[in-house]
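Residue numbers (the working numbering): 762 to 850.
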């Protein structure tokens with residue numbers, strides 16, 4: 762399975778929780794730390810800002826891949842947590 766055939770898994774939102782974001786987000790002017798759910802995350806785990814210009818660039822740059830997303834949400838959360846650990850200043 763290549764990156765083009767991977768789509769976001771409904772009910773996952775690992776990117777919106779595990780990843781830190783250093784740029785401002787509406788409702789989170791200082792960004793968000795890792796392991797904190799974004800305030801723009803809907804109860805159904807979709808993004809309120811998807812497709813909107815105020816969505817942080819980093820969010821739009823994250824593309825689902827088998828490496829990042831794996832076969833389930835647990836894998837995605839663990840993989841992103843490890844990337845956060847490895848890139849921590």
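Note that CB positions come from ideal geometry on N, CA and C, so glycine has one too.
Check your understanding: DSSP three-state call for residue 799: helix, strand or coil?
Key -> coil
Review point. According to DSSP, is residue 820 helix, strand or coil?
Key: helix
Exercise for review: With DSSP as the reference, label residue 773 as helix, strand or coil.
Suggested key: coil
Practice item. Grab me the residues of residue 823's own chain with a C-beta within less than 6 Å of its C-beta, minus the 5 sequence neighbours each way, in chain order. Key: 776
Exercise for review: Whole angstroms is fine: what's the gap from residue 846's alpha carbon to residue 834's?
Suggested key: 18 Å
Practice item. Ignore the nearest five residues each way along the sequence and tell me which others in residue 841's own chain have a CB closer than 6 Å to its CB. Key: 775, 779, 780
Point to revise | Beta-carbon proximity list for residue 794, same chain, < 7 Å, skipping 5 on both sides | key: 781
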